[in-house]
Ligand code: ADP
Ligand code: MG
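Rendered as structure tokens:
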């Protein structure tokens with residue numbers, strides 16, 4: 008059945024013009040152009056999570072460049088078209104620069120400003136024909152086919168559209184699309200897994216520039232007259248409505264939304280004021296009641312039906328045992344993997360870390376303990392590149408990495424988990440692991456255009472690795488589930504599996520036993536020991552003293568941002584300052600007992616930390 012969809016759609020698209028009058032075919036031609044714009048906006052906003060209100064400007068740059076080059080510079084249509092698409096891509100690149108600094112509504116404001124600047128330019132520049140626009144564009148030549156006929160132009164459009172849609176679907180399903188979705192969900196966690204966030208954001212805007220440019224060129228060829236009002240903010244909002252109503256996370260949804268709204272707009276053309284109000288209302292209703300848009304409705308309906316019949320609801324499945332890794336081929340068991348040299352960290356007035364120094368040797372399990380607020384997580388944030396130390400250096404296997412970006416450190420073999428679990432909620436467990444397994448650099452993306460089959464091959468190899476890894480960690484049963492639907496202990500294990508998918512040399516675990524029951528803690532201990540035996544150096548922040556004492560080779564004790572003791576567990580436990588620090592902090596003692604009993608309390612008291620980590 009599914010196999011027939013594409014051929015049937017192709018036949019329908021081929022036959023469509025035969026049933027349409029000249030006005031209707033014009034409407035369809037315009038709708039296809041909006042669908043292209045919708046795909047571009049869906050990629051940048053829905054998939055990559057970058058708010059982009061300049062899509063209409065990319066469209067305009069494509070159309071205006073084409074118009075100016077053909078009418079004023081006398082270039083042929085297709086040469087001008089190619090340059091116009093390049094221009095739109097270049098503008099996409101420029102618009103991506105603010106996205107490297109600001110996000111969410113700030114990015115919305117900046118991109119809106121750029122769109123307004125473009126409209127301003129078109130209405131005031133003589134080159135762009137001011138408010139009258141540019142008319143008399145040449146008819147695009149095509150081997151003697153008369154493209155001034157809107158029927159024939161339709162076929163050009165539909166071929167371009169099919170290629171554009173196929174490419175977008177390919178990108179979304181590829182490792183690149185998966186990384187973009189991971190970035191949309193949690194850019195910090197994605198960075199810690201090695202995703203080059205800045206390059207990914209640029210890529211997203213370049214893609215939307217590409218789709219905008221292609222749409223602009225088609226518009227210039229179809230209408231052969233362009234004026235500023237086509238690229239107005241009102242049309243930007245119409246575009247936004249198309250994508251939101253259709254379902255921005257689904258490319259097909261964006262196309263459906265664009266086509267549907269283009270047709271509705273034609274029907275309501277005599278009532279344009281009411282129509283605007285109507286779009287606004289529908290958008291608000293969609294955002295509130297169906298945030299996944301029309302494309303998400305089937306899934307929601309299915310979930311609703313299933314909920315009502317009560318079927319297919321599995322109880323919390325058993326966590327299968329973990330298959331230990333083999334011993335590492337004895338490589339370099341000596342040597343220092345991580346060196347923290349006199350690191351200090353200040354947050355405004357607060358001194359979170361003060362002159363902290365420590366050395367972690369290869370193949371060691373290092374415990375970091377200390378009362379709440381003593382700076383343990385801050386230390387991890389510095390080692391993994393989330394924060395830059397105010398003073399001091401971080402040295403990784405002899406290389407100074409102070410101030411390096413998270414993705415750089417991930418590439419250098421640092422993996423971490425988070426005190427508050429940062430799994431990608433919109434990705435399945437399998438996809439979470441796949442994001443970490445993918446070690447290709449973003450610069451590899453030229454292959455998406457030049458050698459797409461190598462991308463497919465690589466993705467297949469990754470899939471096989473993911474299955475193996477999930478099996479090793481006893482997570483195969485949960486591969487298709489969303490992490491949030493799973494019990495806490497399983498989520499913790501998924502995070503470790505995801506970190507290990509990066510094949511790290513240094514693994515940082517931030518309170519991995521928090522919220523686990525006794526048996527789960529025991530399994531965790533075994534797992535960590537096996538990871539160490541396989542050649543990974545582990546630093547573990549933990550409140551569970553039993554686990555720390557039995558697991559760690561060395562323990563560093565922090566109190567109020569300072570190292571107060573450092574050494575083998577038995578030696579550290581009897582240091583007077585340590586005893587004092589612990590006895591002086593009654594909350595710490597109660598916290599320890601809470602960890603194993605109350606999961607909810609643990610996950611709640613960590614939410615405030617989420618915001619501090621995300622605030623960066
Ligand atoms: P621990 O992990 O040992 O419980 P943290 O490293 O999370 O402690 O925090 C140490 C101190 O630094 C706390 O007082 C905390 O409030 C503060 N802190 C951590 N991150 C930030 C931040 N981004 N901004 C301001 N203060 C912070
Ligand atoms: Mg902490």
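Numbering (the numbering used here), first residue to last: 8 to 623.
For glycine and all other residues, C-beta sits at the position ideal for the given N, C-alpha and C.
The model shown is predicted, which means the values in this text are computed figures rather than measured ones.
- If you draw a straight line from the Cα of residue 64 to the Cα of residue 416, it is about 37 Å long.
- Membership of residue 354 in the beta strand (DSSP E) is indicated by the continuous run 343 to 354.
- Linking residue 254 to residue 264 through their CA atoms gives a straight-line distance of about 7 Å.
- In this structure, the beta-carbon distance from residue 245 to residue 275 does not fall below 8 Å.
- From the listed residues 60, 37 and 36, the smallest Cα separation to residue 47 is found for 60.
- Within the segment 173 to 208, the complete alpha helix (DSSP H) segments of 4 residues or longer fall at 182 to 192 and 194 to 199, listed in chain order.
- Nearest in C-alpha terms to residue 343, of all of 119, 402 and 209, is 402.
- Residue pairing by DSSP places residue 537 in no beta bridge whatsoever.
- The beta carbons of residue 490 and residue 498 sit about 5 Å from each other, so the pair counts as a contact at 8 Å.
- Take residue 165, set aside five residues on each side of it, and the residues of its chain with a beta-carbon closer than 6 Å to its own are 20, in chain order.
- If you check the C-beta of residue 384 against the ligand MG, you find a heavy atom less than 7 Å away.
- When only Cα atoms are considered, residue 180 and residue 43 end up about 18 Å apart.
- For residue 547, the enclosing beta strand (DSSP E) starts and ends at 544 to 548.
- Here residue 468 is exposed. Its C-beta has fewer than 16 other C-beta atoms within 10 Å.
- The residues 141, 143 and 144, in chain order, have a CB closer than 7 Å to that of residue 78 in the same chain once the five nearest residues on each side in sequence are set aside.
- In the three-state reduction of the DSSP assignment, residue 518 falls in the coil class, being assigned neither a helical nor a strand state.
- Residue 106 and residue 57 do touch by the CB rule: their CB atoms are close to 5 Å apart, below 8 Å.
- Taking 7 Å as the cut-off, the C-beta of residue 425 does not count as close to any heavy atom of the ligand ADP.
- Cβ neighbours of residue 449 within its own chain (closer than 7 Å, five residues either side excluded): 203, 206, 207 and 210.
- Within the segment 410 to 475, the alpha helix (DSSP H) runs of at least 4 residues that lie entirely inside it are, in chain order, 413 to 418, 436 to 444 and 453 to 457.
- Between the ligand ADP and residue 572, a heavy atom-to-CB distance of less than 7 Å is absent.
- Relative to residue 441, the option among 83, 195 and 201 whose CA is nearest is 201.
- A distance of 8 Å or more separates the beta carbons of residue 218 and residue 35.
- Looking at the DSSP output, residue 568 sits in no beta bridge, so it has no partner there.
- Residue 257 and residue 299 have their C-alpha atoms spaced approximately 8 Å apart.
- Distances between the C-beta of residue 377 and the heavy atoms of the ligand ADP include at least one below 7 Å.
- Set against 7 Å, the gap from the CB of residue 239 to the closest heavy atom of the ligand ADP is not smaller.
- Within the same chain, 360, 362, 363, 364, 386, 389, 396, 398, 399, 400 and 401 come within 8 Å of residue 350 by CB-CB distance, once the 5 residues on both sides are set aside.
- Taking 8 Å as the cut-off, the beta carbon of residue 548 is found closer than this to the beta carbon of residue 375.
- Of all C-beta pairs linking the segment 451 to 468 to the segment 422 to 432, fewer than three are shorter than 8 Å, placing the two stretches out of contact.
- In the structure shown, the three-state DSSP call for residue 330 is coil.
- Note: residue 398 is bridge-paired with 351 in the DSSP secondary-structure output.
- Comparing alpha-carbon positions, the option among 22, 182 and 70 lying closest to residue 129 turns out to be 70.
- Relative to the non-hydrogen atoms of the ligand ADP, the Cβ of residue 351 never comes closer than 7 Å to any of them.
- Per DSSP, the unbroken alpha helix (DSSP H) holding residue 36 starts and ends at 29 to 48.
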